[in-house]
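Numbering (the numbering used here), first residue to last: 83 to 438.
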Ligand SMILES: C[S@@+](CC[C@H](N)C(=O)[O-])C[C@H]1O[C@@H](n2cnc3c(N)ncnc32)[C@H](O)[C@@H]1O
């Protein structure tokens with residue numbers, strides 16, 4: 083027998099779900115629309131919306147006589163386009179996990195299509211497959227993160243400024259849990275850990291607690307719902323001008339939804355096999371967790387020896403396979419930041435394979 087109290091709770095829950103039914107329907111339709119968006123006609127305004135970060139620096143970092151290029155993050159195709167203009171005879175392999183990005187980029191790169199092999203998928207899986215094919219490159223580029231197309235399209239669910247389904251998957255694949263799945267299903271402790279580790283958010287514990295309380299009444303379905311809750315939870319005196327209080331939490335969710343750090347680790351693991359002798363890898367990172375991974379890997383590749391420095395000679399047998407070209411990361415100029423504020427946190431690091 084159900085008690086009067088639990089009957090009442092069930093009734094309230096049922097009513098809440100009924101009230102949110104129209105929103106759910108709209109978002110299911112939006113998701114359907116998103117999955118079919120790759121077949122939509124192009125919108126010129128959208129094609130112009132992504133500005134490639136550190137473009138000049140990326141071009142200059144490419145070795146002279148570059149013939150084989152791997153662009154791990156095709157995005158809007160801006161870097162690939164500039165590289166093919168600089169090396170008109172080169173062949174380029176272009177990877178992106180987002181089919182919509184790939185379709186758009188094909189339009190941007192229409193004059194070079196015969197020189198490009200497009201590979202849809204994550205760069206971790208695709209780079210590992212290229213390693214098995216024993217294909218090597220003079221220049222490997224990874225401009226990690228999301229593109230402005232993804233950020234600015236509300237239906238992709240990355241944006242706390244525009245309302246949309248709380249999605250954040252770069253690959254629109256039903257098998258991948260969305261940000262809403264993470265937020266509605268993980269325990270308070272798990273959410274706290276995600277926010278603290280990947281968002282480095284000071285109010286992680288408080289936000290995780292509020293989310294768990296709030297989802298008992300209404301599950302999270304939209305970006306606005308979550309952004310508003312975070313804004314209410316972070317004390318006003320900690321709101322920074324020009325910076326939405328939800329920025330760090332959205333970053334953390336994006337990282338876990340897309341397994342961004344695991345992706346980067348796999349790419350770094352196979353990099354050596356992907357580079358020709360004197361080939362270079364250039365990686366642009368947008369947050370400290372990624373940049374730290376890149377910096378530490380490059381340093382280890384240059385100085386892998388683990389023997390105590392007082393030993394007369396190396397006994398570990400680990401040998402350097404190249405050198406770090408950027409002792410300090412290259413960052414955007416003030417001018418670039420003014421034109422493209424999203425470039426603000428970009429850091430470009432370059433490593434050269436110089437094993438004999
Ligand atoms: C910052 S944008 C790249 C912009 C590009 N360099 C340009 O100049 O237009 C990042 C792109 O990489 C893709 N991406 C991010 N992580 C990825 C991964 N692990 N595997 C494949 N593509 C990824 C995203 O879908 C997005 O389109």
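No residue lacks a Cβ here, since even glycine has one placed at the ideal position from N, Cα and C.
Euclidean distance between Cα positions of residue i and residue j
i: residue 401; j: residue 275; result: 37 Å
i: residue 213; j: residue 396; result: 29 Å
i: residue 428; j: residue 301; result: 34 Å
i: residue 336; j: residue 306; result: 15 Å
i: residue 419; j: residue 230; result: 15 Å
i: residue 206; j: residue 345; result: 5 Å
i: residue 268; j: residue 282; result: 18 Å
i: residue 148; j: residue 172; result: 7 Å
i: residue 387; j: residue 233; result: 42 Å
i: residue 417; j: residue 155; result: 24 Å
i: residue 434; j: residue 227; result: 23 Å
i: residue 398; j: residue 142; result: 36 Å
i: residue 298; j: residue 242; result: 22 Å
i: residue 194; j: residue 150; result: 14 Å
i: residue 277; j: residue 290; result: 8 Å
i: residue 188; j: residue 159; result: 8 Å
i: residue 270; j: residue 199; result: 44 Å
i: residue 323; j: residue 370; result: 22 Å
i: residue 381; j: residue 139; result: 21 Å
i: residue 264; j: residue 181; result: 23 Å
Residue from the options with nearest C-alpha to residue i
i: residue 330; options: 296, 368 and 302; result: 368
i: residue 260; options: 338, 307 and 203; result: 338
i: residue 349; options: 365, 236 and 336; result: 365
i: residue 204; options: 298, 342, 403 and 377; result: 342
i: residue 258; options: 285, 179 and 286; result: 179
i: residue 157; options: 135, 168 and 146; result: 135
i: residue 285; options: 334, 163 and 304; result: 334
Any non-hydrogen atom of ligand 1 within 7 Å of residue i CB
i: residue 385; result: no
i: residue 206; result: yes
i: residue 338; result: no
i: residue 213; result: no
i: residue 392; result: no
i: residue 156; result: yes
i: residue 232; result: yes
i: residue 373; result: no
i: residue 345; result: yes
i: residue 32; result: Here the chain has residues from 83 to 438 only, and residue 32 is not among them.
i: residue 177; result: yes
i: residue 369; result: no
i: residue 183; result: yes
i: residue 134; result: yes
i: residue 229; result: yes
i: residue 249; result: no
i: residue 397; result: no
i: residue 159; result: yes
Cut-off 8 Å between Cβ atoms - residues of its own chain near residue i, not counting five sequence neighbours on either side
i: residue 112; result: Confidence is the limiting factor: at residue 112 the pLDDT is only 43, short of 50, which leaves the residue's position unreliable, though a coordinate-based value still follows. Same-chain partners within the cutoff: 237, 246 and 247.
i: residue 423; result: none
Whole-angstrom C-beta distance between residue j and residue i, which should lie under 8 Å
i: residue 313; j: residue 328; result: 7 Å
i: residue 436; j: residue 409; result: Between residue 409 and residue 436 the Cβ distance is about 16 Å, and since that is not below 8 Å, they are no contact.
i: residue 174; j: residue 144; result: Not really, about 11 Å apart at Cβ, beyond 8 Å.
i: residue 431; j: residue 411; result: 5 Å
i: residue 253; j: residue 288; result: That pair is no contact at about 32 Å.
i: residue 361; j: residue 218; result: 7 Å
i: residue 153; j: residue 176; result: 5 Å
i: residue 190; j: residue 363; result: Not a contact, Cβ separation roughly 23 Å.
Neighbourhood of residue i by C-beta, 7 Å cutoff - its chain only, sequence neighbours within 5 removed
i: residue 170; result: none
i: residue 137; result: 160, 161 and 164
Residues of its chain near residue i, where Cβ-Cβ distance is below 6 Å and the 5 sequence neighbours each way are ignored
i: residue 375; result: 346
i: residue 209; result: 349 and 352
i: residue 117; result: Note that residue 117 scores a pLDDT of 41, beneath 50, so its modelled location is shaky; the value from the coordinates is reported in the next line. These residues qualify, in order along the chain: 254.
i: residue 326; result: 242
Residue i CB to nearest heavy atom of ligand 2 below 7 Å
i: residue 180; result: For the structure depicted, ligand 2 is absent and the ligand set comprises only ligand 1.
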